[in-house]
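Position in the sequence shown (first residue = 1) + 621 = the numbering used here.
Just so you know, even glycine gets a beta-carbon here, dropped at the ideal spot from N, CA and C.
Predicted model, so just to flag it, every value in this text is computed and none were measured.
Accompanying notes for the structure given below.
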Amino acid sequence: MVKLNILFIINPISGGKEKLKIPAIIDANLDRSKFNPNFSFTEYVGHAAEIAEEAANKNFDVIVAVGGDGTINEIAGKVMQQDKILGVIPFGSGNGLARFLKIPMNTAKSIQVINQMKVKKIDTGTFNGKFFFNMAGMGFDAHISSVFVGNKKRGLTGYLKLGLKEMINYKPETYNLTIDGVSYTRKAFVVSVANSSQYGNNAHVSPKASITDGLLDVCVVKSFPLYKIPLLAYQMLSASTDQSAMVEIIRGKDIHISRPADAAIHIDGEPYFMGKEIAVTVSPLSLNVIVPAD
């Protein structure tokens with residue numbers, strides 16, 4: 622059997638979790654009859670993309686993101702462009718895409734998934750040409766991402782505390798949406814464009830989302846009174862937002878979003894700044910990713 626060359630790109634700070642022991646755990650669990658492993662640690666924002674591009678241009682067959690959705694985002698774009706295979710070992714704060722793909726949160730078990738080498742093609746999206754693989758959006762969640770990036774207390778608890786603090790003063794905005802030629806005007810707290818169903822930590826905004834249907838789910842979280850926060854949280858955690866009066870989900874593939882001003886957006890949980898006009902596209906079945914065997 623010809624062994625596959627596999628590179629593990631490890632983000633040492635994602636999710637605030639220690640990862641110096643990861644190579645040893647991989648060594649103990651990886652099937653060496655199938656793989657020749659290599660390891661690389663990122664040192665700064667954007668470094669994962671640089672490493673992945675270099676690896677994809679060499680003779681690496683599989684490139685594994687060891688981190689969260691932001692790390693996956695940096696790596697997956699390069700993997701997709703070179704038609705290589707993406708693996709995931711979840712180590713982020715939310716791990717939205719990994720959870721959706723049913724990749725185990727346990728490191729040893731996620732390595733066993735890689736050993737099985739079941740590869741699936743999934744859809745990918747862009748926000749003004751910038752790739753996303755799990756979720757992108759604007760409004761309150763993007764605002765929180767931009768504030769949270771400087772917060773040292775990463776993880777779900779830190780995110781929730783910051784969210785409640787910021788929510789009190791946040792004002793919903795009016796968005797003009799064009800989805801497959803149909804126009805909508807909505808006053809919204811959040812506009813999320815979902816490839817998978819969830820932000821992370823099993824908080825589902827679009828429970829029926831598919832990563833293989835060639836469509837993206839535009840999820841409009843309407844303006845709501847603060848006393849309904851517990852209800853919305855329950856609906857997200859119980860994967861029932863598609864039945865919520867506070868959430869409208871519109872599927873499409875040719876999407877344009879217009880908003881009042883330039884502002885924050887998030888792409889796979891990472892904050893960016895973009896203009897008033899956002900063009901959203903989907904590329905069906907464009908990324909090869911390792912998933913658990915049935």
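For residue 714, the closest C-alpha among the options 822, 846, 731, 809 is that of 822. With respect to the C-alpha of residue 745, the residue from 824, 864, 816, 797 having the closest C-alpha is 816.
Going by C-alpha positions, residue 667 is about 7 Å away from residue 695.
Minimum Cα-Cα distance from residue 911 among the listed residues 852, 693, 856 corresponds to 693.
When 749, 754, 705 are compared, the shortest CA-CA separation from residue 721 is found for 754.
Taken in chain order, the complete alpha helix (DSSP H) segments of 4 residues or longer contained in the region 818-892 are 850-858. Residue 914 and residue 868 have their C-alpha atoms some 33 Å from each other. As DSSP reads the structure, residue 807 sits in a beta bridge with 796. Contact between residue 626 and residue 682 is confirmed by a C-beta separation of about 5 Å, below the 8 Å threshold.
Secondary structure at residue 644: helix, using DSSP grouped into helix, strand and coil. For residue 672, no beta strand (DSSP E) encloses it; the enclosing alpha helix (DSSP H) starts and ends at 668-678.
No residue range can be given for residue 755, since it is assigned to no alpha helix (DSSP H) and is classified by DSSP as neither H nor E.
Sequence-distant partners of residue 731 (beyond 5 residues in either direction) whose C-beta falls short of 6 Å from its own C-beta, in its chain, are 710, 724, 725.
Here the region 846-854 makes no contact with the region 882-889; the two share fewer than three CB pairs at distances below 8 Å.
Contact annotation: residue 764 and residue 787 have beta-carbon atoms nearer than 8 Å. The count of Cβ pairs closer than 8 Å, one atom from the region 829-836 and one from the region 900-908, reaches three, so the stretches are in contact. Per DSSP, residue 731 is one residue of the alpha helix (DSSP H) stretching across 728-737. Bounds of the alpha helix (DSSP H) holding residue 692 are 690-702.
Taking a contact as a CB-CB distance under 8 Å, the pair residue 717 and residue 759 does not count as one, their CB atoms being some 17 Å apart.
The three-state secondary structure of residue 914, taken from DSSP, is coil.
Between residue 631 and residue 643, the gap from beta carbon to beta carbon is short of 8 Å.
For residue 718, the enclosing alpha helix (DSSP H) has its first and last residue at 717-721. Here residue 626 carries a strand assignment [DSSP, helix/strand/coil].
Taking C-beta separations shorter than 8 Å and ignoring five residues to either side along the sequence, the partners of residue 670 in its chain run 695, 696, 698, 699, following chain order. Within the model, the alpha-carbon separation for residue 782 versus residue 622 is close to 51 Å. Across the structure, residue 894 and residue 747 are spaced so that their CA atoms are roughly 15 Å apart.
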